[in-house]
Amino acid sequence: MSSLALCLCLLGPFSPLAQAQEAAQESVSERALARLVERASEVSRLHAIVVAEQGEIVLEHRLAGPASDRPVNIKSLSKTVLAALVGAAIEEKVIEGVDQPIVELLGSRVPDDADPRIDQITVEHLLTLQAGLERTSGHNYGAWVASSDWVADALSRPFVARPGDEMLYSTGSSHLLSAALTEASGESTLALARRLLGDPLGITIPPWPQDPQGIYFGGNDMVLSPLALIRLGELYRLDGVIDGVRVLPKAWVEASWQPHGTSRWTGDSYGYGWFITTLAGERVYYGRGFGGQGLYVIPARELTVAITADPTPSPDGARFNQERLHALIETLLEER
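Counting with mature numbering (1 follows the signal peptide of the UniProt record, and there is no 0), you get residues -20 to -1, 1 to 316 for the letters of the sequence shown.
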């Protein structure tokens, strides 16, 4: 067996590094980047698109709105960032691990009259959106954010599935993670994010909205620049180590990119804050946010792509179709 084959064997088939080394590397061409810019200009409401190959920025293109170094509202792409923060908190031993019951972390924030079954909900169930509680997203979102206690409201929702079964896209589940991080660390989620992610990644993490109790919104309305998103994507592409510093636990990326549930809307699999799909024959991992926010990592091609867009609702009420961003990624992968 060759030394490369032995290395890949030891890394395992799901290691991002192994996936990258197994593929025949072809640098992204100028033609592919030009075609990407052309196609992106045809998608209304996009603000910026940044492409990194092997960690180097090969495209930084502004279409409208803020430049790529300016923090913008990334909407539910915040869930991907929050999942990274949970991993960093586990590496820091703020949280024991993904199997820890959420009630242990939330303590007195758990309502006295909550369904006893919430004792079964773990950190992993919240990361994979499989808590089993009624969703706070969709038609329930307005009432949830209008409540006086977002944590108590999310925990008081009726169970509609068993924990660990169905994926139920719910920002309330992500917000419970933010509350758990705050309780476990004694720091705000903002302070923790700056210390555990901002500092090692060398990125700016501005404040974002808080709930009535001062808990930073978990899973929505974070503000990061496209260039900061690239650094986050690179952290995952490099298996949790950036600039020689381990930020995420060993094997965290592999666990994050394992399918746990399936989106009922897209059919794509979901791991720890990341969706999983195949585009142009390549395995692709992505986070997304309302209105056209996207972060894509394609390990086999050593590519990371950040896309931002106008986060405000469209005047005609139409929802942004994620397939339009997928098509841009396919353009990048298919062009030679």
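Beta carbons: idealized from backbone N, C-alpha and C, even for Gly.
When rounded, the separation of the alpha-carbon atoms in Y196 and Q190 is 4 angstroms. Look at R42 here: in three-state DSSP terms it is strand.
If you draw a straight line from the Cα of L172 to the Cα of S58, it is about 15 angstroms long. Listed in chain order, the non-local C-beta contacts of H306 below 7 angstroms within the same chain comprise L259, local neighbours out to five positions each way being set aside. With a threshold of 16 other beta carbon atoms within 10 Å, D179 falls short and is exposed. Distances from the CA of S136 to each of P295, S153, Q80 and E146 were compared; the closest alpha carbon is that of S153. Pairwise C-beta distances place the segment 72 to 80 in contact with the segment 103 to 118, as three or more of them are shorter than 8 angstroms.
Contact check for V38 against A286 fails: the beta carbons are separated by 8 angstroms or more. Around the CB of H119, fewer than 16 other CB atoms lie within 10 Å, so the residue is classed as exposed. A contact is defined here as three or more CB-CB pairs under 8 angstroms, and the segment 265 to 280 meets this definition with respect to the segment 50 to 67. Under the three-state reduction of DSSP output, T288 falls in the strand class.
DSSP places A141 outside any beta strand (DSSP E), giving it a letter other than H or E. The beta carbon of L207 lies closer than 7 angstroms to those of V30, S48 and D49 in the same chain, with the five residues before and after it left out. Per DSSP, reduced to three states, the secondary structure at R217 is helical. If you ignore the 5 residues before and after S127, its C-beta comes within less than 7 angstroms of the C-beta of D133, all in its own chain and listed in chain order. Collapsing the DSSP output to three states places I210 in a helix.
In the three-state reduction of the DSSP assignment, N301 falls in the coil class.
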